[in-house]
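Participant:
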Amino acid sequence: MDKKTRIAVVGAGIGGLTAAGFLQRAGFNVMLYEQARAFSRLGAGITLSANVTKALRRLGIEDALVAAGIKPRSYVSRTWDTGEIVYELVFDAQSETRFGGPYLGIHRGDLHAVLAQAVRREIVAFDHRLAHLEETRSAVRLIFDNGRSTEADVVIGADGIRSKVREYLLGTEPLRFIGAVAYRSIFPTKRLNGFAIPDCTKWWGRDRHILPYFMRSTRDEVYVIGVVPQRAWESQDASGQASREEFIGLFDGFHPDLLRVLEVADDVTVWPIFDRERNDKWSGGRVVLLGDACHPMRPFMGAGGAMAVEDAVILSRCLSECTDLAEAFRAYEATRIARVAETQRISVENSWMAGPTETDWYYCYDVCTAPLARS
Ligand SMILES: Cc1cc2nc3c(=O)[nH]c(=O)nc-3n(C[C@H](O)[C@H](O)[C@H](O)COP(=O)(O)OP(=O)(O)OC[C@H]3O[C@@H](n4cnc5c(N)ncnc54)[C@H](O)[C@@H]3O)c2cc1C
Numbered sequence: 003m004d005k006k007t008r009i010a011v012v013g014a015g016i017g018g019l020t021a022a023g024f025l026q027r028a029g030f031n032v033m034l035y036e037q038a039r040a041f042s043r044l045g046a047g048i049t050l051s052a053n054v055t056k057a058l059r060r061l062g063i064e065d066a067l068v069a070a071g072i073k074p075r076s077y078v079s080r081t082w083d084t085g086e087i088v089y090e091l092v093f094d095a096q097s098e099t100r101f102g103g104p105y106l107g108i109h110r111g112d113l114h115a116v117l118a119q120a121v122r123r124e125i126v127a128f129d130h131r132l133a134h135l136e137e138t139r140s141a142v143r144l145i146f147d148n149g150r151s152t153e154a155d156v157v158i159g160a161d162g163i164r165s166k167v168r169e170y171l172l173g174t175e176p177l178r179f180i181g182a183v184a185y186r187s188i189f190p191t192k193r194l195n196g197f198a199i200p201d202c203t204k205w206w207g208r209d210r211h212i213l214p215y216f217m218r219s220t221r222d223e224v225y226v227i228g229v230v231p232q233r234a235w236e237s238q239d240a241s242g243q244a245s246r247e248e249f250i251g252l253f254d255g256f257h258p259d260l261l262r263v264l265e266v267a268d269d270v271t272v273w274p275i276f277d278r279e280r281n282d283k284w285s286g287g288r289v290v291l292l293g294d295a296c297h298p299m300r301p302f303m304g305a306g307g308a309m310a311v312e313d314a315v316i317l318s319r320c321l322s323e324c325t326d327l328a329e330a331f332r333a334y335e336a337t338r339i340a341r342v343a344e345t346q347r348i349s350v351e352n353s354w355m356a357g358p359t360e361t362d363w364y365y366c367y368d369v370c371t372a373p374l375a376r377s
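3 is the number of the first residue of the sequence shown in the numbering used here; add one for each residue after it.
And the structure:
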């Protein structure tokens, strides 16, 4: 496609920043519109598997990601009460070579800050909350809450789980509350009083699970996320506050190694978890979706951000390599839908690493060189 094509990316989250970074390098005329007034260090921990770090290497930010995060020694799955290790995936030089990149734990705010380094500052328009879109035969008009508007040839909706661009493309449909909430806490490791914990452990209960992991190589802070069933989320708020006692009570009977961690957890918050049914319409006219805007998934495989990054790279490749928009969008959907659907399926099942797991198809995948599905 013509490199003068004006591309508007809506949402400077994980997928939007990655898309802007790759499109800018490909020489497109790209602008990124973000509702926030500035980037800030929000959120908690996130894991980045080799399929992601390998992709972000091409933006020149792999070393910065490794410096900001931690390469965990392994991912350990343990049974909730006996503590039996049912699976351990070791991350070492050999696995890094095999997967083609490191596995990282990182604070989401630090990931964001590093991703932002890959995008020229002048192409990011903060305080631009998309209100609606109007498509004509030759362009799309983007209208923002701040009273401004602009025109683009292509609009990429990377505006997350409550996407406005998705509403424009697919109509309004409520999010699906999955019947579970996530309790989260970050606290200084020194509170453990020398009690050593592995870098990343998933404790598997019957109807709940919990993961303590580190987000920095200094291992000075522990992040814990525990997912438990809950019938409904009645509050209008995006999250709520909870007590340490409540958190501990929800994991009553779990192994003492886990309870030692929860006993010193602090500032506990609770978050509803939403997803959507699988959807195979990702584009229409001049508008296309990626990441959570397109396919929000349960966080049980730690793959939502990874899929946003992969979508962004494949979309950028399709726009670069195809001759027109319709062909680019067809190739994008044909390349992505099956892989994302499988990831969504495993996330719903919550089976990733529950026992011996075949990980090569996921971790070894190189989104920058994988063949595009062209009809
Ligand atoms: C508890 C939990 C744990 C998770 N753990 C992991 C993990 O370990 N690994 C992993 O890969 N994934 C994980 N995920 C999933 C991951 O966080 C998401 O899938 C990922 O952030 C999606 O990226 P995105 O770019 O599509 O959306 P986001 O990162 O949400 O970005 C959307 C951006 O759009 C902006 N925006 C929204 N509306 C507008 C608008 N109208 N106009 C302009 N801008 C707008 C937002 O401000 C935001 O900056 C987890 C999710 C949850 C809930």
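Positions of the beta carbon are idealized from the N, C-alpha and C atoms, including for glycine.
These figures come from a predicted structure and were not determined experimentally.
Among all the DSSP beta bridges, which residues are the ones paired with L374?
Facilitator: By one-based count along the sequence shown, residue 374 stands at place 372. DSSP lists no partner for L374.
Participant: Please go through the stretch 105 to 135 and give each complete alpha helix (DSSP H) segment of 4 or more residues, from N-terminal end onward.
Facilitator: Qualifying alpha helix (DSSP H) stretches, in chain order: 110 to 118.
Participant: Report buried or exposed for D222, applying the criterion of at least 16 other Cβ atoms within 10 angstroms of its Cβ.
Facilitator: Taking the sequence shown and counting its residues from 1, the one referred to as residue 222 is at position 220. Its Cβ having fewer than 16 others within 10 Å, D222 is exposed.
Participant: Just to confirm the assignment: which complete beta strand (DSSP E) runs, minimum length 3, are found wholly within the stretch 133 to 208?
Facilitator: Entirely contained in the stretch 133 to 208, the beta strand (DSSP E) runs reaching 3 residues are, in chain order, 142 to 146, 151 to 154, 156 to 159, 178 to 190, 203 to 206.
Participant: Between the stretch 59 to 76 and the stretch 103 to 112, do at least 3 Cβ pairs fall closer than 8 Å?
Facilitator: A contact exists between the stretch 59 to 76 and the stretch 103 to 112.
Participant: Whole-angstrom Cβ separation of L117 and I199, contact assumed at under 8 Å?
Facilitator: In the sequence shown, counting from the first residue as 1, residue 117 sits at position 115. In the sequence shown, counting from the first residue as 1, residue 199 sits at position 197. Not really, about 28 Å apart at Cβ, beyond 8 Å.
Participant: What do you reckon, are the CB atoms on A375 and T337 nearer than 7 Å?
Facilitator: Taking the first residue of the sequence shown as 1, we reach residue 375 at position 373. Taking the first residue of the sequence shown as 1, we reach residue 337 at position 335. A contact, by the Cβ cut-off of 7 Å.
Participant: Within a Cβ cutoff of 8 Å, which residues of the same chain sit near I275, ignoring the five residues on either side of it in sequence?
Facilitator: For this step, residue 275 is matched to residue 273 along the sequence shown. If we look at I275 and ignore the five residues flanking it on each side, its Cβ neighbours are F179, I180, A182, V183, A184, V229, R300, P301.
Participant: Helix, strand or coil for D65 per DSSP?
Facilitator: Position 63 of the sequence shown, counting from 1, holds the residue named residue 65. Three-state result, D65: helix.
Participant: I'd like to confirm the pairing. Which residues does DSSP put opposite W235 in its beta bridges?
Facilitator: As a first step, residue 235 is located in the sequence shown; it is residue number 233 there, counting from the start. Answer is none; W235 lacks a bridge partner.
Participant: Give me the residue from R59, N53, V126, K283 with the minimum Cα distance to M309.
Facilitator: Along the sequence shown, one-based indexing puts residue 309 at 307. M309 has its Cα closest to that of N53, out of R59, N53, V126, K283.
Participant: Straight-line CA distance for R100 to C366?
Facilitator: Numbered from its first residue, the sequence shown carries residue 100 at position 98. Numbered from its first residue, the sequence shown carries residue 366 at position 364. Their backbone Cα atoms lie some 7 Å apart in a straight line.
Participant: So which of N31, D277, D282, A95 has the shortest CA-CA distance to A305?
Facilitator: Residue numbering aside, residue 305 sits at position 303 when the sequence shown is read from its first letter. With distances taken between Cα atoms, A305 lies closest to D277.
Participant: For A46 and H134, what's the separation of their Cα atoms in angstroms?
Facilitator: Position 44 of the sequence shown, counted from the start, is the residue given in the question as residue 46. Position 132 of the sequence shown, counted from the start, is the residue given in the question as residue 134. For A46 and H134, the distance between alpha carbons rounds to 30 Å.
Participant: Check whether the Cβ of Q37 sits closer than 6 Å to any heavy atom of ligand 1, and report yes or no.
Facilitator: Taking the sequence shown and counting its residues from 1, the one referred to as residue 37 is at position 35. Answer for Q37: yes, Cβ within range of ligand 1.
Participant: Do you know how far the Cα of G85 is from the Cα of R168?
Facilitator: For the purposes of this step, residue 168 is taken as residue 166 along the sequence shown, with counting starting at 1. For the purposes of this step, residue 85 is taken as residue 83 along the sequence shown, with counting starting at 1. Their backbone Cα atoms lie some 43 Å apart in a straight line.
Participant: In this structure, how does DSSP classify E247 when only helix, strand and coil are distinguished?
Facilitator: Translated into positions along the sequence shown, residue 247 becomes position 245. Three-state result, E247: helix.
Participant: Taking C-alpha atoms, which residue in K204, R150, R208, D209 lies nearest to F216?
Facilitator: Here residue 216 refers to the residue found at position 214 of the sequence shown. Ranking K204, R150, R208, D209 by Cα distance to F216 puts K204 first.
Participant: Tell me whether T371, by its Cβ, gets closer than 6 Å to a heavy atom of ligand 1.
Facilitator: Counting from 1 along the sequence shown, the entry for residue 371 is found at position 369. No, Cβ of T371 sits at least 6 Å from all heavy atoms of ligand 1.
Participant: So the alpha helix (DSSP H) R100 belongs to, where does it begin and stop?
Facilitator: Within the sequence shown, the letter at position 98 stands for residue 100. 95 to 101 is the extent of the alpha helix (DSSP H) around R100.
Participant: If distances are taken between C-alpha atoms only, which option among R75, D161, Q238 comes closest to E90?
Facilitator: Translated into positions along the sequence shown, residue 90 becomes position 88. Cα-wise, what sits closest to E90 is R75.
Participant: Using a Cβ-Cβ cut-off of 7 Å (strictly less than) and excluding sequence neighbours within five positions of D129, which residues of its own chain qualify?
Facilitator: Residue 129 sits at position 127 when you count from the first residue of the sequence shown. Only R39, N148 meet the Cβ criterion.
Participant: Short of 6 Å in beta carbon distance, which residues of its chain neighbour L213, apart from the five on each side in sequence? Order them along the chain.
Facilitator: Stepping through the sequence shown from its first residue, residue 213 is reached at position 211. Within the same chain, L213 has close Cβ partners K204, I227.
Participant: Let me know the secondary structure DSSP gives E90 once reduced to three states.
Facilitator: By one-based count along the sequence shown, residue 90 stands at place 88. In the structure shown, E90 sits in a strand (DSSP, three-state: E or B).
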